[in-house]
Amino acid sequence: MKSSETGSYRFKSFLLDAAEQQLTRDGELVQLTPKAFDVLVYLVSHGGHLVHKDELMQSVWPDSFVDEVNIPRTIHTLRRALGEDENGSKFIETVPTKGYRFVAEVDELSEPGAVATGFLQPVAINPVATASGSDLIPDETVTSAKPRQNKRIVLFTVGFACAIALIFLLSFNFQSASSVKSNVKSIDQGQYTTNDEAYRMYLLGSALADKLTPKNAEKAIEAFEQAITLDPNYAPAYAGLANVRNSVAFMGSGGNPTEEYLKARAAVEKALAIDENLAEAHSYSGEMMTNFEWDFVGAEREHKRALELNSNSAAVRRMYALWLGFLGRSDESIAEIKTAIDLEPASVLNHKIYQQNAFYARRYDESIAEGKRLLEMDPEFLGVYDTLIGSYLMKGEDAEAFKWFLHELEQKKSKPDEIESWKTIYAQSGWPGIFERQLEQAKEAERNGNPSPMKLVRLYLKTGKPEKAFVYLGKAFDGRVQGMISLKVSPNYDPLRADPRFDDLIRRVGLK
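Mapping of the sequence shown onto my numbering: residues 245 to 756, in sequence order.
Quick look at the structure:
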């Protein structure tokens, strides 16, 4: 951190003292990690101006090898500490792909007269409820020296400074000294709960929910439910629970999809009943309207409301990106998910949605690159393979697609003899043979009570059986299978696009 950044700043109800390494709010000390404090000082001292991410890295982490992911994590910490979006307030703006801007109005406090008095220099003035520094300063002593949002308040003549200091010291000692230790606000308490363990369970659930696997989803549900048990009015925990249950229903894992959806809907409605201005709850409500209710107009309304409430939420951005992708608004969807990635670059889910939306947009090279990036982030993430293999197949690169197919089998810990059998099929019949074998497996699963209508639709199309595909599309429609929402955009269904029956089906789903 630059040594010159040692001033004091006031913004809204906060006083930031860089020299003393203190942030207070209405006289209460707000605890921050040292790096979070340094980031805040740098942003505040450059208030109203864009601070690029590399500039922030060089200033706060000059001699360390630190992943850029630390920046959005630290920004998230600061937003929680400042209570961002509480009562509509806003402090830190994200400028997608570039950096951040401190947008609250800042008063920079300067004490040039204090140097001459000697004994006044060490005094750190904190705000008290009865009076602030500006309440005691005559109007003519306040001048503006910084453009835009920063104001420099130049304090006192030496004599007036002494008087102010004496008045304030008496006031501070009498009113504040006995209570200052008890007025400590812990950053871990968060904006929505005062229960530290509930917040930790919420963070655990959120981290697990980011990885789209049935096992992680089950653990995430447990974590969110523990958070709710610890704090029954913890709205974000209900929203997180709704999101995971919705994902479980969409993936078709963990029981009856309809039951999971109903549980998800109940959880999101509970979140909104506690806090109707919780952006993520509106976003997840919009996701359910898309996935299960097929109410795309209502979903758009919910996503727009979520963006109004918190455009800096990665969850809000990615859910909107999903909705845009299903509607075929490709450029918008990819721009939106890139913003989500900028806000939360370590999120596996963000990158998965980017990969998927690029596939829907027929931007196969882009989808492939994102799929490989996903595997670099998490080599065990199996959700990447279908789209990665599909992109290579759409490009006509069958051998490369098969290479990744084998890689998937290895990651699934398939037995060596099973892998060899797939190699034999490919050597003899290529991908047509692979698809025929997969179709037989899907039909066997259906006979054993584990049907997957949309998978059967895709495999019947890949094996040249469109009429059979229509039979299972009808079953999927009647069963309100969630995969129907990709009909309009997925390249997998291109063989049916010239058929009027397919166009009518898209219309009945509500995608036209």
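Backbone N, C-alpha and C define an ideal beta-carbon position, used for all residues, glycine too.
In the DSSP assignment, T502 falls within the alpha helix (DSSP H) that extends over 501 to 518. Within the same chain, Cβ atoms closer than 7 Å to the Cβ of T583 are found at P340, R561, the five residues on either side in sequence being excluded. Cβ contact annotation for S252 (same chain, cutoff 6 Å, sequence separation greater than five): D261, L353, in chain order. The C-beta distance from I578 to A558 rounds to 15 Å, too long to fall under 8 Å, and the pair is not in contact. Apart from the 5 residues on each side of it in sequence, Q655 sits with its Cβ closer than 7 Å to the Cβ of E624, L626 in its chain, given in chain order.
From the listed residues D454, E520, R724, the smallest Cα separation to A550 is found for E520. If you draw a straight line from the Cα of W675 to the Cα of E664, it comes to about 15 Å. Cβ neighbours of G449 within its own chain (closer than 6 Å, five residues either side excluded): A464, A467, F468, G484. Note that the C-beta distance between T321 and N556 is not below 7 Å. Counting along the chain, H526 sits inside no beta strand (DSSP E); it lies in the alpha helix (DSSP H) bounded by residues 523 to 532. For L566, the enclosing alpha helix (DSSP H) covers residues 558 to 570. The Cβ-Cβ distance between Y436 and Y478 falls below 7 Å. In the displayed model, H547 falls within a helix according to three-state DSSP.
Here T707 really is in contact with L683; their C-beta atoms are around 6 Å apart, less than 8 Å.
Rounded to the nearest whole angstrom, the CA to CA distance from G572 to K659 is 40 Å.
Short of 6 Å from the beta carbon of R254, and not among the five residues preceding or following it, lie these beta carbons of its own chain, in chain order: D351. Distance check between T457 and each of M728, V492, I633, K639 places V492 closest, using alpha-carbon atoms only. Of the other Cβ atoms in all chains shown, fewer than 16 fall within 10 Å of the Cβ of D748; this residue is therefore exposed. Classified as buried, S635 has 16 or more neighbouring CB atoms from the shown chains inside 10 Å of its CB. For F346, there is no enclosing alpha helix (DSSP H); the residue is found in the beta strand (DSSP E) stretching over 343 to 346. In the three-state reduction of the DSSP assignment, T437 falls in the coil class, being assigned neither a helical nor a strand state. Per the DSSP secondary-structure output, Q266 pairs in a beta bridge with D261.
The shortest C-alpha to C-alpha distance from K596 to any of D575, E580, V628 is the one to V628. Cα atoms of N487 and G327: separation of roughly 23 Å, rounded to the nearest angstrom.
Relative to the Cα of E652, the nearest Cα in the group W666, K699, G640 belongs to W666. Annotation: the continuous alpha helix (DSSP H) that includes L650 extends over 642 to 655. With respect to R489, E504 sits close: the two C-beta atoms are nearer than 7 Å.
If you ignore the 5 residues before and after Y604, its C-beta comes within less than 7 Å of the C-beta of G569, S574, V733, S734, all in its own chain and listed in chain order. Residue range 608 to 621 is occupied by the alpha helix (DSSP H) that includes Y608. Contact annotation: W567 and V753 have beta-carbon atoms that are not nearer than 7 Å. V725 carries a coil assignment under DSSP once its states are collapsed to helix, strand and coil.
Here S611 has Q599, A602, F603, T631, S635 as same chain residues with Cβ atoms under 7 Å from its own Cβ, once five neighbours each way along the sequence are excluded. D475 sits buried, since 16 or more C-beta atoms from the chains shown fall within 10 Å of its C-beta. Rounded to whole angstroms, M533 and A742 show a C-alpha spacing of 28 Å.
The C-beta of P501 has 16 or more other C-beta atoms within 10 Å across all chains shown, which makes the residue buried. Under DSSP, I336 takes part in a beta bridge, and its partners are F346.
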